[in-house]
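Participant: In the working numbering, the protein residues as written are 67 to 143.
C-beta atoms are modelled at their ideal positions from N, C-alpha and C, and glycine is treated no differently.
Laid out in structure tokens, this is it:
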């Protein structure tokens with residue numbers, strides 16, 4: 067993954083990954099986890115296929131903290 071996973075200090079980052087062409091990027095940095103969770107969940111709910119873009123949430127130390135499993139989907143790689 068080429069996107070920087072570590073959010074700025076005190077922020078939470080949403081990263082997207084296109085599972086078809088393997089491109090990725092930063093959707094945004096958010097002041098709190100709830101806001102980041104809401105953004106990622108909203109986009110992940112729109113997924114209709116296993117190769118659709120998935121959104122992940124990372125903290126300011128680059129740790130994965132949430133993905134599409136939060137909206138009842140199988141965890142994407």
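Starting from residue 118, follow the alpha helix (DSSP H) in both directions and report where the run begins and ends.
Facilitator: Note, residue 118: premise wrong, no alpha helix (DSSP H); not H, not E.
Participant: Does the separation of the CB atoms of residue 93 and residue 83 fall below 7 Å?
Facilitator: No, they are not a contact pair.
Participant: How about residue 135: is its C-beta nearer than 7 Å to some C-beta of chain D?
Facilitator: The structure shown contains no chain D; it is built from a single protein chain.
Participant: Considering only the alpha carbon of each residue, which of 106, 101 and 89 lies closest to residue 138?
Facilitator: Considering only alpha carbons, the answer is 106.
Participant: Can you grab the Cα-Cα spacing for the pair residue 140 / residue 133, in whole Å?
Facilitator: Each residue's Cα considered, the two are about 10 Å apart.
Participant: Tell me residue 130's beta-bridge partners as DSSP assigns them.
Facilitator: Bridge partners of residue 130: 124.
Participant: Between which residues of its own chain and residue 130 is the CB-CB distance below 7 Å, once the five residues before and five after are set aside?
Facilitator: For residue 130, where only same-chain residues beyond five positions count, the Cβ hits under 7 Å are 122 and 124.
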